[in-house]
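Have a look at the structure below before the remarks.
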Amino acid sequence: MKRRIRLPAGRAALVAALVAAMIAGTSSTAFALWSTSRITQSSATIGSLVGGLSGTDAMTTTFSSTATSFTAPLTLTNNGTIAGTYSTSTVAAQSRTLAQNITVVAWQVAAAADCTASADAPSSSLSGTWASMPSLTGSLPAKQSAVWCLRSAPTSSAPASSTTNPVISMVLASGSWRSPTVAGGFYVDTAKAAAAVATATCTDQSGGNNVVIAWDASSRSPDTFYDLEIGGTRVGDPTQGYSASTTLSASRISTTVAPDGTARVDVVVLDANGNATATIQASSTVTLATTSAGRTLRCGA
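With the working numbering applied, the sequence shown closes on residue 303, and no number is skipped along the way.
Structure representation (structure tokens):
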């Protein structure tokens with residue numbers, strides 16, 4: 003037989019309260035642990051390769067008798083956060099014949115300001131054409147640039163009235179990483195073929211100080227006036243087509259206008275106000291020299 007123990011009413015109530023407190027405390031602790039637990043994610047950026055290319059806009063050129071070449075800087079930049087090596091490639095669209103007949107010389111300079119028309123290209127320069135241009139290569143630290151000087155000129159075989167569109171591309175590499183390709187393009191043109199100019203007759207005068215220049219004026223009114231020019235500078239006196247000849251004196255040609263050596267003399271048509279036009283009626287070649295007695299002049303080269 004089991005004996006039952008009776009607790010006084012007050013003590014039973016105390017025990018019940020303690021048990022409830024323990025249960026409540028245990029439940030609160032468990033909830034707190036669950037509610038403060040979480041999973042976090044993190045990432046780290048190792049580096050980036052971002053290339054930049056500028057300067058090609060200034061290379062658009064129309065070659066002519068007065069624009070025989072261009073010299074311009076090309077800037078290659080590493081805009082990324084890690085060092086890399088750069089390399090370029092060039093493709094010429096449109097006239098490949100023109101691209102093959104435009105020479106390119108490239109050399110690295112310290113700054114764009116060092117790339118001028120008077121700068122001498124070193125013996126280490128790269129050379130080619132816009133149809134076959136060697137790759138420009140080198141190393142670039144992050145946030146640094148390399149400047150190349152490019153000098154371009156047409157050969158005597160370059161076709162007239164032609165256009166080519168070279169596009170230079172650059173990519174950076176570091177190990178197996180490669181940057182997106184960046185590129186810049188420009189246009190190179192050649193002027194229209196010059197109209198054939200008739201040959202003026204040149205006759206030496208005794209003493210070596212003067213020559214007589216004569217031309218065919220039958221295609222124009224006899225009232226038309228003409229003058230002689232060397233390099234766009236007048237060196238004669240206006241003459242009407244009735245005679246179509248005039249004397250050219252060495253004393254009229256300074257060394258600034260034409261240094262010693264050969265020079266082309268143009269017979270230029272004048273307008274009604276006596277101003278030179280763009281029309282050349284004929285031309286001839288003379289040779290100038292400077293002696294102790296002054297300048298001398300003779301016909302031919």
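A virtual CB, placed ideally from N, CA and C, is assigned to each residue, including glycine.
Remember, predicted model here, so these are calculated numbers, not experimental data.
State the CB to CB distance for the pair residue i and residue j, rounded to an integer number of angstroms; the pair is presumed to be in contact (CB under 8 Å).
i, j, result
"T105", "T157", "6 Å"
"S181", "G86", "7 Å"
"G263", "L290", "7 Å"
"F250", "V213", "Residue 250 is actually Leu in this sequence, not Phe. That belief holds up - the Cβ atoms of L250 and V213 are roughly 5 Å apart, short of 8 Å."
"R153", "V107", "5 Å"
"A303", "T293", "That pair is no contact at about 19 Å."
"T58", "F188", "5 Å"
"A185", "L76", "That belief does not hold up - the Cβ atoms of A185 and L76 are roughly 12 Å apart, past 8 Å."
"S159", "N103", "5 Å"
"T99", "P161", "6 Å"
"V173", "S89", "6 Å"
"T165", "I215", "No, T165 and I215 are not in contact; Cβ-Cβ is about 38 Å, not under 8 Å."
"V270", "D229", "5 Å"
"T201", "S285", "7 Å"
"A219", "G243", "4 Å"
In angstroms, rounded to a whole number, what distance separates the CA positions of residue i and residue j?
i, j, result
"N275", "T79", "56 Å"
"T118", "A148", "16 Å"
"P261", "S125", "30 Å"
"S137", "W150", "12 Å"
"D225", "I255", "27 Å"
"P168", "S120", "24 Å"
"A101", "W132", "5 Å"
"A246", "T258", "27 Å"
"R222", "D273", "12 Å"
"K194", "T70", "14 Å"
"S134", "I282", "38 Å"
"P207", "W109", "Reading off the sequence shown, one finds Gln at residue 207, where the question assumed Pro. Their Cα atoms are separated by approximately 51 Å."
"T64", "T192", "5 Å"
"S66", "T83", "44 Å"
"S91", "I170", "6 Å"
"G53", "L128", "22 Å"
"A265", "A123", "28 Å"
"N81", "S97", "34 Å"
"V267", "A155", "26 Å"
"D116", "E231", "36 Å"
"G234", "S253", "17 Å"
"P143", "A175", "11 Å"
"R236", "N211", "18 Å"
Which residue or residues does DSSP assign as beta-bridge partners of residue i?
i, result
"Y228", "T241, V271"
"S235", "The sequence given here has Thr at residue 235, not Ser. According to DSSP, which records beta bridges pairwise, T235 is partnered with I232."
"S223", "Beta-bridge pairing links S223 to no other residue."
"G140", "Y88"
In the DSSP assignment, find the unbroken beta strand (DSSP E) run with residue i in it and report its ends.
i, result
"T249", "247–251"
"A280", "278–293"
"D206", "203–206"
"V259", "V259 -> no beta strand (DSSP E), and no H or E assigned at all."
"A198", "Where A198 is concerned, there is no enclosing beta strand (DSSP E), given that its DSSP letter is neither H nor E."
"G187", "184–187"
"G296", "296–301"
"N212", "212–216"
Handout entry: Within the stretch 50–138, ranges of the beta strand (DSSP E) (whole runs, at least 3 residues)
Key = 53–56, 63–65, 72–80, 86–96, 104–111, 128–131
Exercise for the section: Please go through the stretch 145–182 and give each complete beta strand (DSSP E) segment of 3 or more residues, from N-terminal end onward. Expected result: 147–156, 165–176
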